[in-house]
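Q: Residue numbers (full-length UniProt numbering): 1 to 94. Structure in structure tokens, see below.
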Amino acid sequence: MEIKDNTFQRQFEASTDGKLVTVEYSHQERKIFLTRIVTPEGFDNEDFINAMLTQILEEACDKKFKVVPTFPKIAAFFRKNPKYKELLPPGIKI
């Protein structure tokens, strides 16, 4: 899967079956706030979203960024995948 970082619109973008899925973010210092997942109407491929989030978090780990999930689906992803809890900044519990 190829994920494009659209810095102008502050979102990560990936396409599947001709549909664009985006994860919006805000960037402050060494932190990335993942604020929203935008999917086309009728899109329900949870595996694609999980793979996209995994790739985004791996890239954040490589860059040594901390990640703050502000969207409920993204927070649920952190709960299901405890190996990414190390990316949370101090004081953030999920």
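We treat Cβ as the ideally placed atom computed from N, Cα and C, and that holds for glycine.
(1) Compute the beta-carbon to beta-carbon distance between R10 and E29, rounded to the nearest angstrom, for a pair I have assumed lies under 8 Å.
(2) Quick one: what does DSSP say F33 is sitting in, helix, strand or coil?
(3) With DSSP as the reference, please indicate the residues paired to F12 in a beta bridge.
(4) If you follow the beta strand (DSSP E) that K66 is in, where does it begin and where does it stop?
(5) Quick one, are the C-beta atoms of residue 103 and I56 less than 8 Å apart?
A: Reading off the structure:
(1) Not confirmed; about 15 Å, so no contact.
(2) F33: strand per DSSP, three-state reduction.
(3) Beta-bridge pairing links F12 to D5, V23.
(4) That run of the beta strand (DSSP E) goes 66 to 69.
(5) Nothing can be reported for residue 103: it is not among the residues displayed for the chain, which extend from 1 to 94.
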